[in-house]
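Protein chains in written order, with my numbering: chain A, 204 to 783; chain B, 583 to 714.
Glycine is no exception: its CB is placed at the ideal position from the N, C-alpha and C atoms.
First comes the structure, then the notes that go with it.
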């Protein structure tokens, strides 16, 4: 290095030290105190689920049911290479908007104007990333301690400087020799750690880990294996089948401060599908319950030790993961509850106290309407009633289809209306299950054996709905049918609004009290990512990501035809709306 | 580093035991072939054509169900996450290459997971699907 370069480098180091020091005291420092109190900070959207309560609720009301008709586009940002659309959640911190797009790109934009502050693009191991079904999308980031955290499809965690986008650390977390697992979900900051779960329900290999890494250094602090990690789990997979068992936790869970616990939903077991049928307890590819796949796990936040769990789909025969990330924390009558939606169309209402092991189910109700994989769910115990197994061979009209009645995007809860807003999707499939040969243990190869065709429910066309209901009892206040089931996350606001980013490109604002459509805007392409609200310079904005091409969205052309058959799957944007 | 659970797999890997032998396409395909001997599948075959006679050992429908049906519905007869494969305008060679290499951001490549014979049989199968 030439002398002047050394000097420059020295000056830069001094500068960044000053900047770092500055961060620690400036308004933009997001420490854990701010994150703990995110629910009382409506100007910012500090984490994937908005706050640890996971309400997807904004306490802003400049934009409200009376004036939403005037809402219009304030600015737009177009990221590069949006393969399979933008599927992430933007975060807003002190007037700056941050979001991730396909293949590990991160953008920092002025929240009022959209002006680009910085861009980061991860260099990925393309072969590893492209070897999975889950490429190249990224579902979001976490912000704290002056860093922006990102997981990658090739198994790394990266911390970027929040002000510059420069890499602070970049660590390989998930080493799968010869396999193809990685991270697509958003991380969440828990105390001085960053927590993230791996994908891979359909991939052969244990252990579907959830990691907590040190927020400062990226060192792994603990690892919880969703399968094969303890005796109870191993005993529930006959013939050591946990070694090819899938699992994982590919969406973002939450932290419950009252019990110092991390709540996370886990993915399905492999193979998808088991050919054993009724005899699954003792025979087939994975005899037994297959813990802790398709379950909720509650972990000690400091050690990662399992405190409690509940398996929503014992021996999951349908690929109805519990990987949906949202755990809505609701208090009523002095009692604390955790709500968790399952892909099979069930909302489980748990007692939030993890000293019950397994978790105590306070209620369980179906929001999906078209189902025959079970007859129902026991509201008192959460146990499935009247299972329909899918043994080797053909099965017609199984409902819902593999895509589930509830997809991975979130609902919303408004504490003022006391209502839970949630999307349900209704279609079925004809499936033939074949006896898949197990790939080598731990290999990370696909472990899968079925072929299917999506079909309309008997007697009517596939459809979707957004419902508003009491979160604990499930009692419906209103319900609105959608011709095309929305696949994106919902946002509830204090202005009595519910924002619904639609499949056909329409972005609706509904009256949260009645379900009436108050405003709609055509964003020109379907949505299957997040929507948030924040302020910049004291003005309220609503941001939403667009783009199409997820696995579930692949059903829309065969089921509905246009506009889906010609909808691009390599485009997407960030759109930001405001009042004039 | 604290580990909450007993992770056998990770211990195996970090103790230097080489798993590579288990991961080769050859290992996979011979396991498949061995299992084929005892498997009957033809009875459940729908409209789509059976495997070409020159490759009697590879059950192509099963191979398809195990690798492709996540995205290509109805054994390639219907659009799903991936396009309908019946009636593809690609040549046999292009189909082979697409399976081997995949398509960035859309479809994984199978060059590492499947043997040349298996890819060949899949390409034969796809090209033989009825176009309407």
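State the beta-bridge partners of residue i as determined by DSSP.
i: residue 396(A); result: 393(A) and 417(A)
i: residue 250(A); result: None; residue 250(A) has no bridge partner.
i: residue 345(A); result: 352(A)
i: residue 498(A); result: 514(A)
i: residue 449(A); result: 472(A)
i: residue 631(A); result: 658(A)
i: residue 503(A); result: 464(A)
i: residue 704(A); result: 710(A)
i: residue 310(A); result: 302(A) and 322(A)
i: residue 625(A); result: 670(A)
i: residue 550(A); result: 544(A) and 568(A)
i: residue 258(A); result: Bridge partners of residue 258(A): none, in fact.
i: residue 736(A); result: 745(A)
i: residue 685(A); result: 667(A)
Please list the partners that residue i has in chain A, where partner means a Cβ-to-Cβ separation under 8 Å.
i: residue 651(B); result: 651, 653, 654 and 655
For residue i, return the contacting residues in chain A, with the cut-off set at a CB-CB distance below 9 Å.
i: residue 709(B); result: The premise fails here: residue 709(B) is roughly 18 Å from chain A at the closest Cβ pair, so nothing lies under 9 Å.
Counting only the same chain and skipping the five closest in sequence on each side, list residues whose C-beta sits under 7 Å from that of residue i.
i: residue 224(A); result: Caution is warranted here: a pLDDT of 37 is assigned to residue 224(A), below 50, making its placement in the model unreliable, and the coordinate value is therefore given only provisionally. Hits under 7 Å: none found.
i: residue 770(A); result: 728, 729 and 751
i: residue 612(A); result: 690, 691, 692 and 731
i: residue 227(A); result: For residue 227(A), the predicted model reports a pLDDT of 37, less than 50, meaning its position is unreliable; a value from the coordinates is still stated below. Nothing listed; no residue qualifies.
i: residue 332(A); result: 338, 339, 356, 357 and 385
i: residue 780(A); result: 274, 275, 276, 277, 744 and 745
i: residue 421(A); result: 360, 362, 372 and 374
i: residue 681(B); result: 692, 701, 704 and 705
Could you pull out every residue in the same chain whose Cβ sits closer than 8 Å to the Cβ of residue i, ignoring the five residues on either side in sequence?
i: residue 783(A); result: 273 and 275
i: residue 521(A); result: 476, 547, 576, 593, 601 and 605
i: residue 655(A); result: 604, 605, 632, 633, 634 and 635
i: residue 484(A); result: 490, 491 and 518
i: residue 402(A); result: 335, 337, 384, 385, 386, 387, 388, 451, 453 and 470
i: residue 589(B); result: Note that residue 589(B) has pLDDT 40, beneath the 50 cutoff, so the model's placement of it is unreliable and the number below is only indicative. Same-chain partners within the cutoff: there are none.
i: residue 764(A); result: none
i: residue 713(B); result: 668 and 669
Only counting the same chain, and skipping five residues up and downstream in sequence, which positions put a Cβ closer than 6 Å to that of residue i?
i: residue 616(B); result: Confidence is the limiting factor: at residue 616(B) the pLDDT is only 32, short of 50, which leaves the residue's position unreliable and the question unanswerable from this model.
i: residue 265(A); result: 743
i: residue 573(A); result: 602, 629 and 660
i: residue 207(A); result: The pLDDT assigned to residue 207(A) is 37, lower than 50, so where the model puts this residue is not dependable; a value taken from the coordinates is nonetheless given after this. Nothing meets the Cβ criterion.
i: residue 419(A); result: none
i: residue 323(A); result: 309, 363 and 368
i: residue 613(B); result: Bear in mind that the predicted position of residue 613(B) carries a pLDDT of just 31, short of 50, making it unreliable; the figure below should be weighed with that in mind. For residue 613(B), where only same-chain residues beyond five positions count, there are no Cβ hits under 6 Å.
Strictly below 9 Å CB to CB, what residues from chain B border residue i?
i: residue 757(A); result: 653, 655, 661, 662, 663 and 664
i: residue 484(A); result: Residues of chain B passing the Cβ test: none, with the nearest at roughly 23 Å.
i: residue 773(A); result: 687 and 688
i: residue 514(A); result: The premise fails here: residue 514(A) is roughly 17 Å from chain B at the closest Cβ pair, so nothing lies under 9 Å.
I want to verify the contact list: residues of chain B whose CB lies under 8 Å from the CB of residue i, in sequence order.
i: residue 639(A); result: 644, 647 and 648
i: residue 776(A); result: Here the premise fails: no neighbours, minimum Cβ distance about 17 Å.
List, in order along the chain, the chain B residues whose C-beta lies closer than 7 Å to that of residue i?
i: residue 287(A); result: 687
i: residue 760(A); result: 661
i: residue 754(A); result: 663
i: residue 628(A); result: Neighbours of residue 628(A) on chain B: none; closest Cβ ~15 Å, over 7 Å.
i: residue 586(A); result: Near residue 586(A) there are no residues of chain B at all, since even the closest Cβ is about 26 Å away, more than 7 Å.
- Task: Report the residues of the stretch 683 to 699 of chain B with a CB closer than 8 Å to any CB of chain A, ordered along the chain.
- Result: 684, 686, 687, 688, 690, 691, 694 and 695
- Item | Members of the stretch 330 to 364 of chain A that neighbour chain B once the beta carbon cut-off is set at 7 Å | Correct list: 333, 334, 335, 336, 338 and 339.
- Query: Touch check for the stretch 331 to 340 of chain A and the stretch 370 to 377 of chain A: three-plus C-beta pairs under 8 Å?
  - Reply: no
- Task: Decide yes or no for the touch test of the stretch 452 to 472 of chain A against the stretch 484 to 500 of chain A: beta carbon pairs closer than 8 Å, at least 3 of them.
- Result: yes
- Item | Residues of the stretch 385 to 413 of chain A with Cβ closer than 9 Å to any Cβ of chain B, in chain order | So the close ones are 405, 408, 409, 410 and 412.
- With 9 Å as the limit, tell me which residues of the stretch 699 to 718 of chain A have their beta carbon closer than that to any beta carbon of chain B; keep them in chain order. Using a CB distance below 9 Å, no part of the stretch 699 to 718 of chain A faces chain B.
- Task: Count the CB pairs spanning the stretch 290 to 299 of chain A and the stretch 245 to 252 of chain A that are closer than 8 Å, and state whether there are at least three.
- Result: yes
- Is the number of C-beta pairs between the stretch 507 to 516 of chain A and the stretch 674 to 687 of chain A that are closer than 8 Å three or more? no
- Task: Tell me, please, whether the stretch 693 to 705 of chain A touches the stretch 251 to 261 of chain A by the rule of three or more beta-carbon pairs shorter than 8 Å.
- Result: yes
- Query: Are at least three pairs of beta-carbons, each pair with one atom in the stretch 557 to 574 of chain A and one in the stretch 435 to 450 of chain A, less than 8 Å apart?
  - Reply: no
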